[in-house]
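Comments concern the structure below.
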Amino acid sequence: MGLDFGLRADQSEGNFVTTTIDKVVNWGRKNSLWPMPFGTACCAIEMMATLASKFDLSRFGSEAIRFSPRQSDLLIVSGRISIKMMPVLKRIYDQMPDPKWIISMGACASCGGVFDTYTLIQGVDQFLPVDVYIPGCPPRPEDLIDAVMQVQRQIHKGELPKGAEVA
Amino acid sequence: MSEEEKKITEETIPRVLEQLKEKFGDALLEDAESENGVVVVVNKEKSYPLLEYLKTELAYSFLVDVTAVDNSNLESELMKFDYARFMVVYHLYTYQGETPRLRVKVPVNEKDLKIQSVTDLWKGANWLERETYDMFGIDFEGHPDLRRILMPDDFEGHPLQKDYPLRGRGERESFNFEKQNV
Numbered sequence: 001m002g003l004d005f006g007l008r009a010d011q012s013e014g015n016f017v018t019t020t021i022d023k024v025v026n027w028g029r030k031n032s033l034w035p036m037p038f039g040t041a042c043c044a045i046e047m048m049a050t051l052a053s054k055f056d057l058s059r060f061g062s063e064a065i066r067f068s069p070r071q072s073d074l075l076i077v078s079g080r081i082s083i084k085m086m087p088v089l090k091r092i093y094d095q096m097p098d099p100k101w102i103i104s105m106g107a108c109a110s111c112g113g114v115f116d117t118y119t120l121i122q123g124v125d126q127f128l129p130v131d132v133y134i135p136g137c138p139p140r141p142e143d144l145i146d147a148v149m150q151v152q153r154q155i156h157k158g159e160l161p162k163g164a165e166v167a
Numbered sequence: 001m002s003e004e005e006k007k008i009t010e011e012t013i014p015r016v017l018e019q020l021k022e023k024f025g026d027a028l029l030e031d032a033e034s035e036n037g038v039v040v041v042v043n044k045e046k047s048y049p050l051l052e053y054l055k056t057e058l059a060y061s062f063l064v065d066v067t068a069v070d071n072s073n074l075e076s077e078l079m080k081f082d083y084a085r086f087m088v089v090y091h092l093y094t095y096q097g098e099t100p101r102l103r104v105k106v107p108v109n110e111k112d113l114k115i116q117s118v119t120d121l122w123k124g125a126n127w128l129e130r131e132t133y134d135m136f137g138i139d140f141e142g143h144p145d146l147r148r149i150l151m152p153d154d155f156e157g158h159p160l161q162k163d164y165p166l167r168g169r170g171e172r173e174s175f176n177f178e179k180q181n182v
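So the sequence lines, in the order shown, correspond to chains A and B. First residue of the first sequence? That's 1 in this note's numbering, and the numbers climb one at a time after it. First residue of the second sequence? That's 1 in this note's numbering, and the numbers climb one at a time after it.
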């Protein structure tokens, strides 16, 4: 086999691979995203459907919903965010440990949707670094799964999240 | 059901409108009866006594909602009640009798945006009146804690007034985190 790490050839065959630490860590990260749900409207219902048995987000390693931001690394903003709610959302985001990703789910979170009114934030990306946007009102569970997979692809490629502070 | 409650049900509730007319004749500006219950418009001075009477004598024990209407774009409504811009609306419900639903409307003039609070009659009026204050700017006198309930504390203006612009007066744009205490 041309490899000689003191292992017998028949033991080593197919049993180890060479890689870098980063790749192993990212591989682990992308397959165990722990979402922090921030559901304020009907998008949250679709998010619940995504987590439940029919669509089953656990197939992608993301079923461990944490209602504590300190234990999660994927913020799913699903629903309308008002100017009174925005500081709460910001505070939750700030409490999440790095690295952390944000999915802006649905029209309201992404751009205010139909609610072009005095009280509604016209897109959370004015205040938070959003990685993946999902269009739709509300988006179907497949769309959310697609967005999670998009985040996984970004992690797999070794890209930093938008919110990463580059020192 | 106690004897007293039974008496209320059988004798007074079916004739609630007559009862009100008899007791508050001049103060009633308008009344109507429909499948959805009874509607009365009462002037501001008599609104509290009327509501008190409805609760204590006619067993309207449940205050469903307190809200208001800004009629400033509705000339026909304005003309009817001496150009009072706002109409405060109380939705009441009783578990006894044939007219369970009753609405009491009170015209409130813009120059004197005050009306007596009913929090001492129904405890549930507390948050409902706070919401009405927040959205329409109506001052409920005697309310124990009249402050905003939906909008941020430092918000200026009352957004459900008709002259408030839909997209706001720049609150969305001038919004910043430092000013907010979470």
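Just so it is clear, CB atoms sit at the ideal spot from N, CA and C, and this is done for glycine as well.
Q: Could you tell me which of A:Met36, A:Gly28, A:Lys30 and A:Thr19 sits nearest to Met105 (chain A), measuring between CA atoms?
A: By one-based count along the first sequence, residue 105 (chain A) stands at place 105. Answer by Cα proximity: A:Met36.
Q. What separation, rounded to the nearest whole angstrom, lies between the Cα atoms of Leu28 (chain B) and Tyr133 (chain B)?
A. By one-based count along the second sequence, residue 28 (chain B) stands at place 28. By one-based count along the second sequence, residue 133 (chain B) stands at place 133. Using only the alpha carbons, I get a separation of about 24 Å.
**Q.** the region 87 to 103 of chain A: positions lying closer than 8 Å to chain B by Cβ
**A.** Pro87, Val88, Lys90 and Arg91
**Q.** Buried versus exposed call for Glu129 (chain B) [16 or more other C-beta atoms within 10 Å across all chains shown]
**A.** Mapped onto the second sequence, residue 129 (chain B) falls at position 129. Glu129 (chain B) is buried by the Cβ-count criterion.
(Q) Determine whether the beta carbon atoms of Ser174 (chain B) and Phe140 (chain B) lie at a separation below 8 Å. (A) What you label residue 174 (chain B) is simply residue 174 of the second sequence in a count that begins at 1. What you label residue 140 (chain B) is simply residue 140 of the second sequence in a count that begins at 1. Not closer than 8 Å, so no.
Q: Verify the contact flag: Gly37 (chain B), CB atom, against every heavy atom of the ligand ADP, threshold strictly below 7 Å.
A: By its list of ligands, the structure shown contains no ligand whatsoever, and the ligand ADP lies outside what it can speak to.
Q) So Val38 (chain B) and Val16 (chain B) are in contact, right, with Cβ under 8 Å, and what is the actual spacing, rounded? A) Counting from 1 along the second sequence, the entry for residue 38 (chain B) is found at position 38. Counting from 1 along the second sequence, the entry for residue 16 (chain B) is found at position 16. Indeed, because the Cβ distance is near 6 Å, the residues count as touching under 8 Å.
Q | Coarse secondary structure for Ala32 (chain B), derived from DSSP in three states | A | Within the second sequence, numbered from 1, the residue matching residue 32 (chain B) stands at position 32. Strand.
Q) Between Phe86 (chain B) and Phe127 (chain A), what straight-line distance do the alpha-carbon atoms span, to the nearest angstrom? A) The residue given as residue 86 (chain B) occupies position 86 in the second sequence. The residue given as residue 127 (chain A) occupies position 127 in the first sequence. Approximately 38 Å, taken between the alpha carbons.
Q. Quick one: what does DSSP say Gly28 (chain A) is sitting in, helix, strand or coil?
A. Numbered from 1 along the first sequence, position 28 holds the residue referred to as residue 28 (chain A). Looking at Gly28 (chain A) - three-state DSSP - the assignment turns out to be helix.
Q. Taking DSSP as the reference, what is the three-state secondary structure of Ile145 (chain A)?
A. As a first step, residue 145 (chain A) must be located in the first sequence, where it is residue number 145. Reduced to three states, the DSSP call for Ile145 (chain A) is helix.
Q: Return no unless some Cβ of chain B is closer than 8 Å to the Cβ of Ile83 (chain A).
A: Along the first sequence, one-based indexing puts residue 83 (chain A) at 83. Put simply, the CB of Ile83 (chain A) is near chain B, with a gap under 8 Å to one of its CB atoms.
Q.
Under 8 Å, CB to CB, which of the residues in the region 107 to 123 of chain A have a partner in chain B?
A. Asp116, Thr117, Tyr118, Thr119, Leu120, Ile121 and Gln122
(Q) Assuming Ala109 (chain A) and Ser62 (chain A) are in contact, meaning their beta carbons sit under 8 Å apart, how far apart are those beta carbons, in whole angstroms? (A) One-based indexing of the first sequence puts residue 109 (chain A) at position 109. One-based indexing of the first sequence puts residue 62 (chain A) at position 62. With a contact defined as Cβ atoms closer than 8 Å, Ala109 (chain A) and Ser62 (chain A) miss out at about 18 Å.
Q: Quick one: which residues of the region 156 to 177 of chain B get their C-beta closer than 8 Å to a C-beta of chain A? List them in chain order.
A: Pro159, Tyr164, Pro165, Leu166, Arg167, Gly168, Arg169, Glu171, Arg172, Phe175 and Phe177
**Q.** Boundaries of the alpha helix (DSSP H) in which Val216 (chain A) is found, first to last residue
**A.** For residue 216 (chain A) there is no data in the structure shown, the boundaries of chain A being 1 and 167.
Q | Ile121 (chain A) versus Arg59 (chain A) - alpha carbon distance | A | By one-based count along the first sequence, residue 121 (chain A) stands at place 121. By one-based count along the first sequence, residue 59 (chain A) stands at place 59. Spanning the two alpha carbons is a distance of roughly 33 Å.
(Q) On a Cα-Cα basis, can you pick out the residue from B:Ser34, B:Asp120 and B:Glu171 that is closest to Ser61 (chain B)? (A) Here residue 61 (chain B) refers to the residue found at position 61 when the second sequence is read from its first residue. If we check each option's Cα against that of Ser61 (chain B), B:Asp120 comes out closest.
Q. How many angstroms separate the CA atom of Lys55 (chain B) from the CA atom of Cys137 (chain A)?
A. As a first step, residue 55 (chain B) is located in the second sequence; it is residue number 55 there, counting from the start. As a first step, residue 137 (chain A) is located in the first sequence; it is residue number 137 there, counting from the start. Rounded to whole angstroms, Lys55 (chain B) to Cys137 (chain A) spans 44 Å at the Cα level.
Q. Interface residues of chain A around Met135 (chain B) at Cβ under 9 Å?
A. The count along the second sequence starts at 1 and reaches residue 135 (chain B) at position 135. Within chain A, no residue comes near Met135 (chain B); the closest Cβ sits about 11 Å away, beyond 9 Å.
Q) Nearest to Gly28 (chain A) by alpha carbon, out of A:Pro161, A:His156 and A:Lys162? A) On the first sequence, position 28 is the one that residue 28 (chain A) refers to. Minimum Cα distance to Gly28 (chain A) is reached at A:His156.
Q. How would you call Ser72 (chain A), buried or exposed, if buried means at least 16 neighbouring beta carbons within 10 angstroms?
A. Stepping through the first sequence from its first residue, residue 72 (chain A) is reached at position 72. The residue in question, Ser72 (chain A), is buried, as its Cβ has 16 or more Cβ neighbours within 10 Å.
Q | Of the listed residues A:Asp94, A:Pro97, A:Arg91 and A:Thr117, nearest to Ser82 (chain A) (C-alpha basis) | A | In the first sequence, residue 82 (chain A) corresponds to position 82, counting from 1. For the residues A:Asp94, A:Pro97, A:Arg91 and A:Thr117, the minimum Cα distance to Ser82 (chain A) belongs to A:Thr117.
Q. I think Met47 (chain A) touches Leu160 (chain A), with their Cβ atoms under 8 Å apart; what is that distance to the nearest whole Å?
A. As a first step, residue 47 (chain A) must be located in the first sequence, where it is residue number 47. As a first step, residue 160 (chain A) must be located in the first sequence, where it is residue number 160. Contact doesn't hold; Cβ gap of about 25 Å is too wide.
Q: Whole angstroms is fine: what's the gap from Pro159 (chain B)'s alpha carbon to Arg167 (chain B)'s?
A: Translated into positions along the second sequence, residue 159 (chain B) becomes position 159. Translated into positions along the second sequence, residue 167 (chain B) becomes position 167. The straight-line gap from Cα to Cα measures roughly 10 Å.
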